[in-house]
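Undergrad: Residues 36 to 162 (the working numbering) make up the sequence shown, in order.
Glycine included, C-beta positions come from ideal geometry on N, C-alpha and C.
Computed from a predicted model, the values in this text were never measured in an experiment.
This structure is in structure tokens; I'll ask about it shortly.
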Amino acid sequence: MGGRGVASTGSMSAQDCLFCKMTKGEIPAEVVHDDGEVFAFKDIHPAAPTHLLVIPYKHVETLLEFERDDEALIGRMVTVATKLAREAGIGESGYRLVANCNRDGGQSVYHVHFHVLGGRRFGWPPD
Ligand code: AMP
Ligand code: ZN
36 MGGRGVASTG
46 SMSAQDCLFC
56 KMTKGEIPAE
66 VVHDDGEVFA
76 FKDIHPAAPT
86 HLLVIPYKHV
96 ETLLEFERDD
106 EALIGRMVTV
116 ATKLAREAGI
126 GESGYRLVAN
136 CNRDGGQSVY
146 HVHFHVLGGR
156 RFGWPPD
């Protein structure tokens with residue numbers, strides 16, 4: 036159920052997408068979860084001792100492209116992130132679940148993803 040062929044409104048097609056290629060095994064990933072719907076792996080440039088990315092198989096470019104029909108998928112992404120935070124031992128100490136959207140949000144990969152960050156103390160508000 037890869038993103039290939041899924042309608043896309045933005046600049047990058049599913050075929051060219053880095054994260055779609057990771058779900059298809061075309062680019063290596065340190066996979067920590069894969070249920071065929073939601074996929075998670077270690078961030079290649081970790082910003083904290085634990086830094087995971089949780090993505091849908093479905094090629095959705097930004098939070099703005101999520102649709103009503105995606106609500107179960109979004110919920111699944113959150114529960115997978117919660118499971119992974121627990122498994123990483125950062126549930127009790129605390130963690131951040133972050134989705135950056137477009138330029139001002141700091142998004143660099145246009146396949147929607149949640150960052151799971153933990154293992155150190157973060158400031159608030161963000162820079
Ligand atoms: P964002 O800037 O919110 O779009 O997050 C994209 C994240 O993807 C960054 O934290 C990158 O370090 C991470 N990233 C980019 N390429 C890879 C890759 N090949 N494997 C794992 N993580 C990656
Ligand atoms: Zn994609």
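Considering only residues of the same chain and omitting the five flanking positions on each side of Asp78, which have a CB-CB separation below 6 Å?
TA: Contacts found: His86, Leu88.
Undergrad: With respect to the alpha helix (DSSP H) encompassing Leu53, which residues constitute its N-terminal and C-terminal limits?
TA: 53 to 58
Undergrad: State yes or no: is the C-beta of His150 within less than 8 Å of the C-beta of Arg121?
TA: no
Undergrad: Which residue marks the beginning of the beta strand (DSSP E) containing Lys77, and which one marks its end?
TA: 73 to 77
Undergrad: Which whole runs of the alpha helix (DSSP H) in the segment 76 to 156 are 4 residues long or more, in chain order?
TA: For the segment 76 to 156, whole alpha helix (DSSP H) runs of length 4 or above, ordered along the chain, are 106 to 122, 137 to 140.
Undergrad: For a test of your reading of the model: does the CB of Asp162 fall under 7 Å from any non-hydrogen atom of ligand 1? Yes or no.
TA: no
Undergrad: Would you please state the rounded distance, in angstroms, between the beta carbons of Arg35 and Pro84? I believe it to be under 8 Å.
TA: Examination of residue 35 is not possible in this model, given that the chain is present from 36 through 162 alone.
Undergrad: Would you be able to state if there are at least three C-beta pairs under 8 Å between the segment 106 to 116 and the segment 89 to 96?
TA: yes
Undergrad: Report the option in Glu100, Ser143, Asp70 whose CA atom is closest to the CA atom of Asn135.
TA: Ser143
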